[in-house]
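Scroll down for the structure; my scribbles are underneath it.
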Amino acid sequence: MTRTVQTPTEYWFEERCHITEWWNTPDDAAVSVARARVEPGVTTRLHRLTGVTERYVILEGKGCAEVAGAAPLEVGAGDVVVVPPGASQRIRNVGTGDLVFLAVCTPRFTRDAYEDIDPEPM
């Protein structure tokens, strides 16, 4: 068994959330796992991922997820939201504490797959 240890560091992403890359390497192009943290009252930017399926695995907090223009879906700890490739997506923190979730992407997330489609300027 091969074990690779990455030292994750949280960083601010212009999508309006904090990201910690737990697993994202070209050596394992099949999947990436990141911890996302959205502050109370914040809605991430409307975006889509080209060729990537993303799953939000909610760990803490309360949110409303919007996927592919469907009505917002209330989510909390233990819920999973599946976002198909190319679908518009965003999530809003409706709680009083941080909304924390894993973003599990297949194949792995790369910056060139990200497309900001929010009508509001950055």
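For what it's worth, the working numbering labels the leading residue of the sequence shown as 2, then goes sequentially. Idealized CB from N, CA, C, for every residue including glycine. Remember, predicted model here, so these are calculated numbers, not experimental data.
*Touching by the beta-carbon criterion (3+ pairs, under 8 Å), the segment 44-63 and the segment 72-91*: yes
*Could you tell me which residues DSSP pairs with T26 in its beta bridges?*
Within the sequence shown, the letter at position 25 stands for residue 26. Its beta-bridge partners do not exist; DSSP assigns none.
*To the nearest angstrom, how far is it from the Cα of G96 to the Cα of G64?*
Against the sequence shown, residue 96 aligns to sequence position 95. Against the sequence shown, residue 64 aligns to sequence position 63. Roughly 7 Å separates the two Cα atoms.
*How big is the Cα-Cα spacing for V101 and A37?*
Residue numbering aside, residue 101 sits at position 100 when the sequence shown is read from its first letter. Residue numbering aside, residue 37 sits at position 36 when the sequence shown is read from its first letter. So the alpha carbons of these two residues sit roughly 6 Å apart.
*What separation, rounded to the nearest whole angstrom, lies between the Cα atoms of R46 and R17?*
Position 45 of the sequence shown, counted from the start, is the residue given in the question as residue 46. Position 16 of the sequence shown, counted from the start, is the residue given in the question as residue 17. Rounded to the nearest angstrom, the two C-alpha atoms are 7 Å apart.
*Which residue from A71, L50, R93, E11 puts its Cα closest to that of R112?*
In the sequence shown, counting from the first residue as 1, residue 112 sits at position 111. Comparing C-alpha distances from R112 to each of A71, L50, R93, E11 shows the shortest one belongs to L50.
*Based on the DSSP output, what are the partners of G143 in its beta bridges?*
What the structure shows of the chain is the stretch from 2 to 123, and residue 143 is not part of that stretch, so it cannot be assessed.
_Strictly by DSSP, which residues pair up with L103?_
Residue mapping note: residue 103 aligns to position 102 of the sequence shown, counting from 1. Paired residues: R36, V58.
*CB-CB under 6 Å to D117, same chain, minus the five flanking residues each way: which ones, in chain order?*
Counting from 1 along the sequence shown, the entry for residue 117 is found at position 116. Excluding positions up to five away in sequence, the list reads R46, H48.
*From F110 to L103, what does the alpha carbon distance come to, in whole angstroms?*
For the purposes of this step, residue 110 is identified with residue 109 of the sequence shown, where counting begins at 1. For the purposes of this step, residue 103 is identified with residue 102 of the sequence shown, where counting begins at 1. Rounded to the nearest angstrom, the two C-alpha atoms are 13 Å apart.
*Quick one: what's got a C-beta closer than 6 Å to D29's C-beta in the same chain, skipping five residues either side?*
As a working note, residue 29 is residue 28 in the sequence shown. Excluding residues within five positions, none has a Cβ falling inside 6 Å.
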